[in-house]
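K.L.:
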């Protein structure tokens with residue numbers, strides 16, 4: 001009987017020892033929030049420089065975004081190695097963000113072939129859905145609200161296509177990613193397995 | 001009938017870690033099981049021989065890296081073992 005109790009305690013102890021650390025996820029949100037805002041502000045401030053040729057603006061966004069993506073993938077791999085394990089939760093989050101990256105690439109490629117197709121509303125729409133999913137999975141309300149705000153904002157954007165898309169980016173990404181990311185970073189329970 | 005393979009505390013800790021996570025590195029398992037490198041290698045080998053776990057060996061910065069994950073058989077065996085423990089505790 002003692003052995004049985006001991007074995008149950010062993011299992012419980014091991015399960016308790018592997019906690020989901022959400023700090024790296026918050027770093028991802030903060031990075032993309034700041035990075036996209038910086039790109040948008042630069043584009044907004046120097047439009048003649050960024051839009052000097054037909055494809056320069058697209059290249060500016062693609063090259064910058066891919067550079068950011070490589071940097072964050074490297075950061076995430078390094079963090080995962082340091083932790084030494086991958087929880088089921090972080091695997092699910094990783095998969096849905098890979099799906100978002102694939103959607104982003106799909107929309108960008110489509111924008112090359114379709115005339116008068118602006119990829120920003122579609123990207124923000126996908127982003128809002130992924131944010132809501134992430135928030136629901138980790139049970140963190142600021143990310144859910146950020147995603148809902150972005151979803152409503154994208155809806156408004158489609159009804160008012162004349163609105164400046166760079167300002168849309170700044171407002172959308174700040175409220176959808178940067179603020180929820182900061183909120184998650186400073187949250188006391190970023191190391192909580194019960195999430 | 002109790003699963004003798006999982007009755008060993010180190011092997012039980014390994015399987016419990018792998019059930020709780022998608023995959024675990026060798027160093028993490030060493031820390032969780034509180035065992036030596038040699039002992040852990042032996043226990044991992046036994047679990048692998050019975051097809052309870054999968055072991056992937058790669059190289060990272062010229063250093064060997066071992067990563068483990070539980071198989072479907074391992075999950076079933078762990079569930080059976082856990083149900084057995086609960087049943088015995090309640091009796």
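Residue numbers (our numbering), protein chains in the order written: chain A, 1 to 195; chain B, 1 to 91.
Heads up, the beta-carbon is just placed ideally off N, CA and C, and yes, glycines get one too.
Note that the structure is a prediction, hence the values are computed from the model and not measured.
Would the stretch 12-22 of chain B count as touching the stretch 54-66 of chain A if we require 3 or more Cβ pairs under 8 Å?
P.N.:
Cβ pair count under 8 Å is below three, so no.
K.L.:
Applying a beta-carbon distance threshold of less than 7 Å, which residues of chain A neighbour residue 28 of chain B?
P.N.:
Below the 7 Å Cβ cutoff, chain A contributes 84 and 85 as neighbours of residue 28 of chain B, in chain order.
K.L.:
Residues bridged to residue 63 of chain B by DSSP?
P.N.:
B:60
K.L.:
Tell me where the alpha helix (DSSP H) around residue 154 of chain A begins and ends.
P.N.:
141-159
K.L.:
Can you name, in chain order, every residue of its own chain whose Cβ lies under 8 Å from the Cβ of residue 55 of chain B, other than the five neighbours on each side?
P.N.:
Closer than 8 Å at the Cβ level, and outside the excluded window around residue 55 of chain B, lie 44, 48, 66, 67 and 68.
K.L.:
Cβ closer than 7 Å: which chain B residues qualify as neighbours of residue 8 of chain A?
P.N.:
85 and 89
K.L.:
Would you mind telling me which residues of chain A sit closer than 7 Å to residue 13 of chain B, beta carbon to beta carbon, in chain order?
P.N.:
From the beta-carbon of residue 13 of chain B, the residues of chain A found nearer than 7 Å are 10 and 14.
K.L.:
Run through chain A and tell me which residues come within less than 9 Å of residue 59 of chain B, C-beta to C-beta.
P.N.:
Simply none; closest approach about 13 Å.
K.L.:
Kindly say whether residue 16 of chain B, judged by its beta-carbon, lies nearer than 8 Å to any beta-carbon of chain A.
P.N.:
yes
K.L.:
I'd like to know if residue 70 of chain B contacts chain A, where contact means its C-beta is closer than 8 Å to some C-beta of that chain.
P.N.:
Answer no: the Cβ-Cβ gap between residue 70 of chain B and chain A never drops below 8 Å.
K.L.:
Do residue 175 of chain A and residue 30 of chain A have their CB atoms nearer than 8 Å?
P.N.:
At a Cβ-Cβ threshold of 8 Å, residue 175 of chain A and residue 30 of chain A do not count as neighbours.
K.L.:
Where does residue 40 of chain A land, buried or exposed, given buried means 16+ other C-beta within 10 angstroms?
P.N.:
buried
K.L.:
Output, in chain order, the set of chain B residues within a Cβ distance shorter than 8 Å of residue 5 of chain A.
P.N.:
89
K.L.:
Can you name the residues of chain A whose CB is closer than 7 Å to the CB of residue 22 of chain B?
P.N.:
86, 87, 88 and 91
K.L.:
From which residue to which residue does the beta strand (DSSP E) around residue 22 of chain B run?
P.N.:
21-25
K.L.:
Using DSSP with H/G/I as helix, E/B as strand and the rest coil, what is residue 2 of chain B?
P.N.:
coil
K.L.:
Answer yes or no: do residue 207 of chain A and residue 164 of chain A have a C-beta to C-beta separation smaller than 8 Å?
P.N.:
Given a span of 1 to 195 for chain A in the structure shown, any question on residue 207 of chain A remains unanswerable.
K.L.:
Under 8 Å, do residue 4 of chain A and residue 89 of chain B count as touching if we go by C-beta distance?
P.N.:
Yes; because the gap between Cβ atoms is below 8 Å, this pair is in contact.
K.L.:
Can you tell me whether DSSP reads residue 71 of chain B as helix, strand or coil?
P.N.:
coil
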